[in-house]
Amino acid sequence: MDIRFAKREERAQVEDFMHDAFPRAKWGRDGWTRLLANRWGGERGEFAVTASDSSKLVGVMGMNDSTRHTPRGPQRYRNLTSWYVRKSHRGMGMGETLMHTAMADPEVTSTNLTSAKAALPLVDRIGFKVLDAQRFVWRRGEGEKLQHSFDPLNEAALNEVDTQVLRDHADLDLSYVTVETPDGPCTLALSVKQKVDEYVTHEVVYVGQPDLLAQHGQGIADSVLPDTPAVLSVDSRLAPHGRGGEMQQIEVPRFYKGTSLLPAEIDHMYSEIVLMGMKLY
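Take 24 as the starting number for the sequence shown in our numbering and just add one per residue.
Shown next, in the form of structure tokens:
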């Protein structure tokens, strides 16, 4: 068995393998190209770990690499995506080996944001820790609307990090807004999805000023949510000690492994969530 990081010239082969492995995936062949394109990884970025038996591909662990900006400087980040092992090679620990290989570099913090329930025992054995298991949810009230812009790159005075994050994701299916709270501007990236029949969820996948969202979440919800049934939702780590919102359990927790990034520094940007327009649990 040969388990290693895939080479650039093997990208098409890996894409074909994943397309064949997941025939019911909503995004098709072009989607696998997008998912495995190493969009944000740069020269150091990896896009997959592969397992081969006599030069035949039998397993793949996909990933997206990027660099996150923190008070301690730039930190490497790896979002693990879909993985698959052929039935002929299951039961020998190959799935765990693929994951361990992907997460072997101690300078890289890895995440598993979309674990299937059936994979939770494996996630635990691998050594993942819970990144978040709760969220805050605000519904629109009758409060006074705060001044805001849904075109912050052109209309708001953004800081350097907010500007870079929004530019890195400008062509994806996200909504951006900067809200002028009483304590300063708060910039958000929202994934707007119909998760349930009763309302549309405006999921906060990025917040530039978590303390302002936590303090003024209700005012922000009153300002940016539409008149139609909708909620503003954010993982609890991204709005620490949030006020006024309803606390809910996340059906399947988010997971991470590594020490270079703190949980509060890990949002959903630079991940398969925003790249593929996925619905979060």
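We put the beta carbon where it would ideally sit given N, CA and C, even for glycine.
Can you give me the start and stop residues for the alpha helix (DSSP H) that residue i sits inside?
{"i": "D250", "result": "Where D250 is concerned, there is no enclosing alpha helix (DSSP H), given that its DSSP letter is neither H nor E."}
{"i": "P175", "result": "175–178"}
{"i": "L298", "result": "295–298"}
Go through its chain and collect everything with a Cβ distance to residue i's Cβ below 7 Å, but skip five positions before and after it.
{"i": "Q170", "result": "E203"}
{"i": "L136", "result": "N102, R277, H291, S294, I296"}
{"i": "D76", "result": "M24, H112"}
{"i": "A156", "result": "Q272, I273, P276"}
Under the three-state reduction of DSSP, which class applies to residue i: helix, strand or coil?
{"i": "T104", "result": "strand"}
{"i": "H239", "result": "helix"}
{"i": "E119", "result": "helix"}
{"i": "I149", "result": "helix"}
{"i": "D196", "result": "coil"}
{"i": "D185", "result": "helix"}
{"i": "P208", "result": "strand"}
{"i": "S259", "result": "helix"}
{"i": "D290", "result": "coil"}
{"i": "S138", "result": "coil"}
{"i": "K110", "result": "helix"}
{"i": "A156", "result": "strand"}
{"i": "R190", "result": "helix"}
{"i": "P144", "result": "helix"}
{"i": "T97", "result": "Here residue 97 is Pro; the residue named in the question, Thr, does not match the sequence. P97 falls in the strand class under three-state DSSP."}
{"i": "D88", "result": "strand"}
For residue i, count the other beta carbons within 10 Å of its own beta carbon; 16 or more makes it buried, fewer makes it exposed. Which is it?
{"i": "S133", "result": "buried"}
{"i": "K152", "result": "exposed"}
{"i": "F40", "result": "buried"}
{"i": "E295", "result": "buried"}
{"i": "N87", "result": "buried"}
{"i": "D290", "result": "buried"}
{"i": "M126", "result": "buried"}
{"i": "N182", "result": "exposed"}
{"i": "Q217", "result": "exposed"}
{"i": "D185", "result": "buried"}
{"i": "V247", "result": "buried"}
{"i": "K140", "result": "exposed"}
{"i": "R99", "result": "buried"}
{"i": "R148", "result": "exposed"}
With a CB to CB cut of under 6 Å and the five nearest residues on each side skipped, what residues in its chain are close to residue i?
{"i": "A244", "result": "W161, R163, L255"}
{"i": "N61", "result": "G68, F70"}
{"i": "H42", "result": "R52, W55"}
{"i": "Q232", "result": "C209"}
If I follow the unbroken beta strand (DSSP E) through residue i, where does it start and stop?
{"i": "I370", "result": "Nothing about residue 370 can be read from this structure; the chain reaches only from 24 to 304."}
{"i": "L131", "result": "It is worth fixing the name first, because residue 131 is Val in this sequence and not Leu. Unbroken beta strand (DSSP E) run through V131: 131–135."}
{"i": "V223", "result": "223–230"}
Cutting at 8 Å between CB atoms, please list the residues of its own chain near residue i, excluding the five before and the five after it.
{"i": "L236", "result": "C209, L211, V227, V230, I243, V257, L261, A262, G265"}
{"i": "E221", "result": "P252"}
{"i": "Q241", "result": "W161, G164, G166, R266, G267, G268"}
{"i": "L143", "result": "V275"}
{"i": "L176", "result": "T186, L189, R190, A193, Y199"}
{"i": "Y304", "result": "T137, I273, E274, V275"}
Give a single yes or no on whether residue i has its beta carbon closer than 7 Å to a heavy atom of the ligand ATP.
{"i": "D88", "result": "Summarising the ligand content, the structure contains no ligands, and the ligand ATP is consequently not present."}
Contiguous beta strand (DSSP E) assignments of at least 3 residues, all confined to the stretch 26–84: Counting whole runs of 3 or more residues, the stretch 26–84 contains the beta strand (DSSP E) stretches 71–76.
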